[in-house]
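Asks: Numbering (my numbering), first residue to last: 481 to 731.
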Amino acid sequence: MEEIFQALFLIVIGFLAGVINTLAGGGSLFTLPVLIFLGLPPQVANGTNRIAIVVQSLSGAIGFQSKGVSSFPFNIYLGISASIGACLGAQIAIDIDGYIFNKILAVIMIVIGILILFRQKKLEFQPPERLKGKYLFWSILGFFIIGIYGGFINAGIGIVIMLFLNRFNQMSLVKTNATKVAVVFIYSTLALLIFSYNDAVDWKMGLFMALGTIFGAWFSSRWSVKKGDRVIRYAMLTTIFIMAVKLWFFE
Numbered sequence: 481m482e483e484i485f486q487a488l489f490l491i492v493i494g495f496l497a498g499v500i501n502t503l504a505g506g507g508s509l510f511t512l513p514v515l516i517f518l519g520l521p522p523q524v525a526n527g528t529n530r531i532a533i534v535v536q537s538l539s540g541a542i543g544f545q546s547k548g549v550s551s552f553p554f555n556i557y558l559g560i561s562a563s564i565g566a567c568l569g570a571q572i573a574i575d576i577d578g579y580i581f582n583k584i585l586a587v588i589m590i591v592i593g594i595l596i597l598f599r600q601k602k603l604e605f606q607p608p609e610r611l612k613g614k615y616l617f618w619s620i621l622g623f624f625i626i627g628i629y630g631g632f633i634n635a636g637i638g639i640v641i642m643l644f645l646n647r648f649n650q651m652s653l654v655k656t657n658a659t660k661v662a663v664v665f666i667y668s669t670l671a672l673l674i675f676s677y678n679d680a681v682d683w684k685m686g687l688f689m690a691l692g693t694i695f696g697a698w699f700s701s702r703w704s705v706k707k708g709d710r711v712i713r714y715a716m717l718t719t720i721f722i723m724a725v726k727l728w729f730f731e
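Set out below in structure tokens:
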């Protein structure tokens, strides 16, 4: 009975994360602490969280591709660069002390929460895009650094990627999202393999959460409204603050 309750709870948490990721961004700020609070060691919670990330980003990439929205081969270049960085970040996450990881996660949750709070609504840019020459070089370098963070913890990285692609590369918001999910899928798959190789993944818990994430993303993408975005954002910020306090002050 307890296992059934836990499975249903994880599906619900995954569902909420899928909604959060679609409406506000930063779903991992919600799921990662929950996995830790359920008793998983920080490294295992971090690795387990990657299952939902891989599944959701793959689903998003397929969805954009079906609509003919793609930045190929630009997204592949960024994905490869980010994957190299993610290898380093994942190894750091595996080796780091769990106590220190919790402190770092608490600080990151507050910082990303502030970014979400003050993020501007209008990120849209008009062409021309800047995807070649020196812009390609700096993008590849930038995504190597982003990949290190993505491999380490990944929480809130979608916001960082969207700001980078939209502001620096001047990609449209739709293309920014399409590129983001493709890049996240590429490097997150590699990061998941590294965590799995080091026995830092609870596949059962991760798959239940991933199932909920799929439904959450589908639901919010179909039925989201502007008011819903604001409600989710402030509810999420409240939750982030509570979880960050617990991670910092309580074991």
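Quick reminder that beta carbons are idealized off the backbone N, C-alpha and C, glycines included.
Please read these numbers as outputs of a predicted model, since none were measured by experiment.
Using only alpha-carbon positions, find the residue among 673, 630 and 618 that is nearest to residue 647.
Replies: Position 167 of the sequence shown, counted from the first residue, corresponds to residue 647. Measuring from the Cα of residue 647, the nearest candidate turns out to be 618.
Asks: Who are the near neighbours of residue 538 in its chain, counting only those whose CB is closer than 7 Å to its CB and skipping five residues on each side?
Replies: By one-based count along the sequence shown, residue 538 stands at place 58. Result list for residue 538: 665, in chain order.
Asks: Under 8 Å between the Cβ atoms of residue 541 and residue 661?
Replies: In the sequence shown, counting from the first residue as 1, residue 541 sits at position 61. In the sequence shown, counting from the first residue as 1, residue 661 sits at position 181. Cβ atoms of residue 541 and residue 661: closer than 8 Å.
Asks: Decide if residue 655 is buried, meaning its Cβ has at least 16 other Cβ atoms within 10 Å, or exposed.
Replies: One-based indexing of the sequence shown puts residue 655 at position 175. So residue 655 counts as buried.
Asks: Which residues in the same chain have their Cβ closer than 6 Å to the Cβ of residue 527, if we skip the five residues on either side of it in sequence?
Replies: Numbered from 1 along the sequence shown, position 47 holds the residue referred to as residue 527. Around residue 527: 675, 680 and 681.
Asks: Does DSSP put residue 548 in a helix, in a strand, or in coil?
Replies: On the sequence shown, residue 548 is found 68 positions in, with the first residue counted as 1. Coil.
Asks: Short check: CB of residue 574 to CB of residue 536, under 8 Å?
Replies: Position 94 of the sequence shown, counted from the first residue, corresponds to residue 574. Position 56 of the sequence shown, counted from the first residue, corresponds to residue 536. Not in contact: residue 574 and residue 536 (Cβ atoms no closer than 8 Å).
Asks: Cutting at 7 Å between CB atoms, please list the residues of its own chain near residue 534, excluding the five before and the five after it.
Replies: Stepping through the sequence shown from its first residue, residue 534 is reached at position 54. Excluding residues within five positions, the ones whose Cβ falls inside 7 Å are 665, 668, 669 and 672.
Asks: For residue 500, does the count of other Cβ atoms within 10 angstroms reach 16, so buried, or fall short, so exposed?
Replies: Against the sequence shown, residue 500 aligns to sequence position 20. Its Cβ being crowded by 16 or more others within 10 Å, residue 500 is buried.
Asks: Kindly indicate which residue of 531, 507, 582 and 613 has the alpha-carbon position closest to the one of residue 521.
Replies: Here residue 521 is taken as the residue at index 41 of the sequence shown, counted from 1. Ranking the options by Cα distance to residue 521, first place goes to 582.
Asks: Anyone know if the C-beta pair for residue 497 and residue 663 falls short of 8 Å?
Replies: Residue numbering aside, residue 497 sits at position 17 when the sequence shown is read from its first letter. Residue numbering aside, residue 663 sits at position 183 when the sequence shown is read from its first letter. The answer is no: Cβ separation not under 8 Å.
Asks: Rounded to a whole number of angstroms, what is the C-alpha to C-alpha distance between residue 490 and residue 688?
Replies: Within the sequence shown, the letter at position 10 stands for residue 490. Within the sequence shown, the letter at position 208 stands for residue 688. Near 6 Å, if we compare the C-alpha coordinates of residue 688 and residue 490.
Asks: Ends of the alpha helix (DSSP H) at residue 516?
Replies: As a position in the sequence shown, residue 516 is number 36, starting the count at 1. Unbroken alpha helix (DSSP H) run through residue 516: 508 to 517.
Asks: Quick one, are the C-beta atoms of residue 585 and residue 512 less than 8 Å apart?
Replies: Translated into the one-based positions of the sequence shown, residue 585 becomes position 105. Translated into the one-based positions of the sequence shown, residue 512 becomes position 32. Cβ atoms of residue 585 and residue 512: closer than 8 Å.
Asks: Whole angstroms are fine: how far does the CA of residue 693 sit from the CA of residue 653?
Replies: Here the question's residue 653 lines up with position 173 in the sequence shown. Here the question's residue 693 lines up with position 213 in the sequence shown. Spanning the two alpha carbons is a distance of roughly 22 Å.
Asks: The alpha helix (DSSP H) with residue 627 in it runs from where to where?
Replies: The residue labelled residue 627 in the question sits at position 147 within the sequence shown. Looking at the DSSP string, the run of the alpha helix (DSSP H) that includes residue 627 is 614 to 632.
Asks: Is there at least one non-hydrogen atom of the ligand GTP closer than 7 Å to the beta-carbon of residue 555?
Replies: You won't find the ligand GTP in this model; it holds no ligand whatsoever.
Asks: Verify whether the separation of the beta carbon atoms of residue 629 and residue 620 is less than 8 Å.
Replies: Residue numbering aside, residue 629 sits at position 149 when the sequence shown is read from its first letter. Residue numbering aside, residue 620 sits at position 140 when the sequence shown is read from its first letter. Not a contact, by the Cβ cut-off of 8 Å.
Asks: Considering residue 569, what are the terminal residues of the alpha helix (DSSP H) in which it resides?
Replies: Here the question's residue 569 lines up with position 89 in the sequence shown. Looking at the DSSP string, the run of the alpha helix (DSSP H) that includes residue 569 is 554 to 575.
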